[in-house]
Amino acid sequence: MIERICPKCRVPMAGDKCIKPNCGRATEMSSTIYWCKECNVPIFENICPVCGHEGDYIATDIRPVFPEENCLISIILKNDPFAFQKYSVWYGSNAYIINGKKVKLAISKINKLRIDEIKNIKQKYEAVAGDISYEFFDEYKNKFVEANKDRYNFITEEAVSFVQSYKERYEIEDMMVSFSGGKDSTVTSHIVNRALGTNKVLHVFGDTTLEFPYTLEYKKRFNKNEESSGVRVLTAKNREKNFEELCEVVGPPSRVMRWCCTVFKTGAIQKTIASAFKDKNNILSFQGIRHNESASRSKYERESESPKISKQTVASPIIEWIDFDVWLYLLTTGIDFNYAYRLGWTRVGCWCCPNNGGWSEFLSKVHMFDQYNHWHEQLVNFAKQIGKPDPEDYVNEGGWKARQGGNGLAAAQTSIVSFEPCATDENAFNYDLQRPITEELYELFKPFGYINKELGNKRLGEVYVLNKAGKVVLVLQGRIGSTRLKVIIKDVHIAKARTLSVAESKIQCQLTKYQMCLGCKACESVCKYDAISVKDDGTGKITYTIDNDKCKRCTECVGHFNAGCYMRKVLGIKRT
Ligand code: SF4
Ligand code: SF4
Ligand code: SF4
Ligand SMILES: [Zn+2]
Ligand SMILES: [Zn+2]
């Protein structure tokens with residue numbers, strides 16, 4: 001049900017305040033799940049519609065535990081792979097719920113197991129994996145579906161009519177489904193196809209290159225399914241960059257600096273959408289966002305304008321659904337879903353994400369043993385590189401996940417721009433570049449105006465930047481091949497600056513890009529006019545170009561990401 005519960009005691013309460021002795025906390029609205037002892041399954045209402053018995057409150061939300069995960073926890077808890085095979089097993093409120101009884105599994109403890117102990121568990125699992133049966137699971141699943149029919153009908157009808165309400169405002173060709181291969185987008189896709197009665201809505205799949213193998217397999221199966229047959233799935237992927245190589249340069253992603261999302265997800269998806277919907281003014285994107293997924297997501301509205309992608313309206317049909325609802329939908333309809341959930345993963349983002357929980361990490365160790373060890377080794381090497389005294393501990397205790405900046409990394413040095421003000425002209429600055437001047441330097445001055453290589457003194461390597469009216473705003477002095485660059489600011493109003501020092505800082509932003517661009521492509525996504533192109537030829541040579549005709553001189557790209565470069569932000573270098 002949806003009712004009031006005490007946030008501390010975690011039990012349903014009728015009134016505004018908890019009535020337990022010594023508590024008295026204000027109660028909050030929450031979802032509550034009950035357990036029918038008779039049917040041995042979770043129910044959404046407190047009276048079981050099948051047997052008429054009153055259920056016991058069990059959790060605020062719940063998910064099924066499939067026979068594969070059941071087998072694994074049986075090995076861990078009972079050293080008998082089939083100990084719980086005949087039982088009704090679920091997970092909710094931080095515990096396994098086995099035939100209605102809560103059983104805790106100390107995740108922090110199992111995550112401290114040594115590699116040989118993990119291997120042992122893995123071997124035990126694999127020895128019996130072929131004998132895992134769905135016989136008992138299916139029996140409980142059918143009861144669960146039967147006992148929660150009303151809830152299923154209610155949430156489904158509501159979501160379907162929400163999707164249908166867009167029919168009048170958008171053409172099918174202007175709609176898309178953002179598809180991750182996870183359960184929420186699987187359900188969203190199914191509801192959209194159902195509500196609109198078509199398989200013509202384009203699906204965009206973002207491949208971060210760090211996907212679970214199960215996700216890629218599921219994606220392959222996806223449009224061969226009966227339910228989604230013929231659906232067009234476009235894959236968005238950054239094919240130029242390699243995650244491991246970038247980790248070596250800027251360090252692994254951490255909880256506060258999830259740079260791979262920017263490099264491997266946002267940009268690639270945005271580009272794919274832009275080219276698939278080239279001539280469209282406003283597109284509608286259905287997404288599987290849900291409030292109870294994470295605290296940050298609880299701020300989302302059901303319909304919103306995408307903050308990252310221009311002219312995109314995001315609609316979230318299942319925004320209020322809890323895990324229980326998503327599983328109820330999947331189990332009732334019987335549609336195919338990602339195998340990772342059967343193994344016990346609760347989310348299927350990137351398998352090595354610093355945001356993954358302990359259980360997810362443990363599952364990666366067991367089911368992706370080789371990849372996990374390779375990643376572990378990389379992390380240890382990184383820890384050594386940045387001079388951690390105890391690299392193994394740093395990695396095992398999750399220190400890498402809390403990392404803030406690029407201390408100890410060589411790349412951090414290239415983000416520093418050093419200069420001296422000119423002794424005779426207060427509007428002139430002498431820069432010591434870490435990368436010799438090439439023609440590419442001038443690309444980065446295009447946002448400030450129009451490059452003119454004719455007017456200046458060629459012997460001095462002078463290049464002018466003119467404004468629209470043809471007036472000089474900047475003079476660049478520095479010969480090709482040299483590392484000395486003098487910039488004379490003729491007009492401080494470049495990039496909306498009002499003072500000389502602000503104007504100078506805008507120049508530093510562009511010089512930072514020139515010196516340290518790692519080809520992450522984040523700049524490409526910043527330009528609304530598609531004028532920026534960052535290419536990595538695969539040998540490490542990166543070219544940053546700004547299309548003179550497309551560039552509107554809006555200067556949005558200049559100071560974006562604080563100091564002009566996202567990778568500089570990742571490396572966490574303080575401004576000098
Ligand atoms: S590993 Fe985490 S931070 Fe990196 S792309 Fe994947 S989800 Fe984003
Ligand atoms: S300059 Fe732009 S594309 Fe290059 S690394 Fe920095 S943010 Fe990425
Ligand atoms: S954001 Fe695009 S249009 Fe604006 S100045 Fe930069 S390159 Fe030019
Ligand atoms: Zn209480
Ligand atoms: Zn019952």
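Just so it is clear: in the sequence shown, position 300 is 300 by the UniProt record's numbering, and no numbers are missing. Idealized CB from N, CA, C, for every residue including glycine.
Less than 8 Å separating the beta-carbons of residue i and residue j?
{"i": "Ile484", "j": "Asp432", "result": "This sequence places Arg at residue 484; Ile is not what is there. Cβ distance < 8 Å, so Arg484 and Asp432 count as in contact."}
{"i": "Ser93", "j": "Thr60", "result": "yes"}
{"i": "Phe66", "j": "Ser74", "result": "no"}
{"i": "Cys71", "j": "His53", "result": "no"}
{"i": "Pro447", "j": "Thr555", "result": "yes"}
{"i": "Gly344", "j": "Trp359", "result": "yes"}
{"i": "Phe286", "j": "Thr188", "result": "yes"}
{"i": "Gly564", "j": "Val570", "result": "no"}
{"i": "Arg25", "j": "Cys18", "result": "yes"}
{"i": "Val522", "j": "Tyr450", "result": "Looking at the sequence provided, one finds Ala at residue 522 rather than Val. Their beta carbons are not under 8 Å apart, which means Ala522 does not touch Tyr450 by this criterion."}
{"i": "Thr235", "j": "Asn338", "result": "no"}
{"i": "Gly181", "j": "Lys219", "result": "yes"}
{"i": "Ala159", "j": "Ile2", "result": "no"}
{"i": "Phe212", "j": "Ala129", "result": "no"}
{"i": "Ile283", "j": "Tyr300", "result": "no"}
{"i": "Gly405", "j": "Ile386", "result": "no"}
{"i": "Ala147", "j": "Ile47", "result": "no"}
Assuming residue i contacts residue j under a Cβ cut-off of 8 Å, what Cβ separation, rounded to an integer in Å, is found between them?
{"i": "Tyr544", "j": "Tyr329", "result": "About 46 Å; that fails the 8 Å criterion."}
{"i": "Met516", "j": "Arg568", "result": "6 Å"}
{"i": "Glu28", "j": "Pro7", "result": "5 Å"}
{"i": "Thr179", "j": "Val233", "result": "Correcting the residue identity first, residue 179 is Phe in this sequence and not Thr. Right, their Cβ atoms sit about 6 Å apart."}
{"i": "Cys353", "j": "Trp375", "result": "So it is not a contact: roughly 11 Å between Cβ atoms."}
{"i": "Val380", "j": "Glu392", "result": "6 Å"}
{"i": "Ile172", "j": "Val201", "result": "6 Å"}
{"i": "Ile489", "j": "Leu476", "result": "That pair is no contact at about 11 Å."}
{"i": "Val163", "j": "His203", "result": "About 14 Å separates the two Cβ atoms, so there is no contact after all."}
{"i": "Ile542", "j": "Lys535", "result": "7 Å"}
Which one or two residues does DSSP pair with residue i in a beta bridge?
{"i": "Ser161", "result": "Answer by DSSP bridge pairing: none, since Ser161 is not bridged."}
{"i": "Lys521", "result": "BP columns for Lys521 are empty, so no partner."}
{"i": "Leu466", "result": "Tyr450, Val472"}
{"i": "Glu211", "result": "Cys350"}
{"i": "Leu485", "result": "Tyr431"}
{"i": "Tyr57", "result": "Tyr34"}
{"i": "Leu284", "result": "Met175, Thr313"}
{"i": "Asp536", "result": "Ile542"}
Just mark residue i as buried or exposed, buried being the case when its beta carbon has 16 or more other beta carbons within 10 Å.
{"i": "Gly230", "result": "exposed"}
{"i": "Cys23", "result": "exposed"}
{"i": "Glu135", "result": "exposed"}
{"i": "Phe154", "result": "exposed"}
{"i": "Val256", "result": "exposed"}
{"i": "Asn457", "result": "exposed"}
{"i": "Lys78", "result": "exposed"}
{"i": "Lys506", "result": "buried"}
{"i": "His367", "result": "buried"}
{"i": "Leu444", "result": "buried"}
{"i": "Thr156", "result": "buried"}
{"i": "Arg498", "result": "exposed"}
{"i": "Gln413", "result": "exposed"}
{"i": "Ala531", "result": "buried"}
Return helix, strand or coil for residue i, following the three-state DSSP convention.
{"i": "Arg221", "result": "helix"}
{"i": "Arg10", "result": "coil"}
{"i": "Tyr96", "result": "strand"}
{"i": "Ser275", "result": "helix"}
{"i": "Gln312", "result": "strand"}
{"i": "Asp116", "result": "helix"}
{"i": "Val492", "result": "coil"}
{"i": "Asn396", "result": "helix"}
{"i": "Ile546", "result": "strand"}
{"i": "Gln404", "result": "coil"}
{"i": "Ser31", "result": "strand"}
{"i": "Glu173", "result": "helix"}
{"i": "Phe205", "result": "strand"}
{"i": "Asp336", "result": "coil"}
{"i": "Leu234", "result": "strand"}
{"i": "Tyr566", "result": "helix"}
{"i": "Arg4", "result": "strand"}
{"i": "Phe179", "result": "strand"}
{"i": "Ala268", "result": "helix"}
{"i": "Tyr152", "result": "helix"}
{"i": "Gln413", "result": "helix"}
{"i": "Ser43", "result": "Per the sequence shown, residue 43 should be read as Ile rather than Ser. Here Ile43 sits in strand by DSSP."}
{"i": "Arg25", "result": "coil"}
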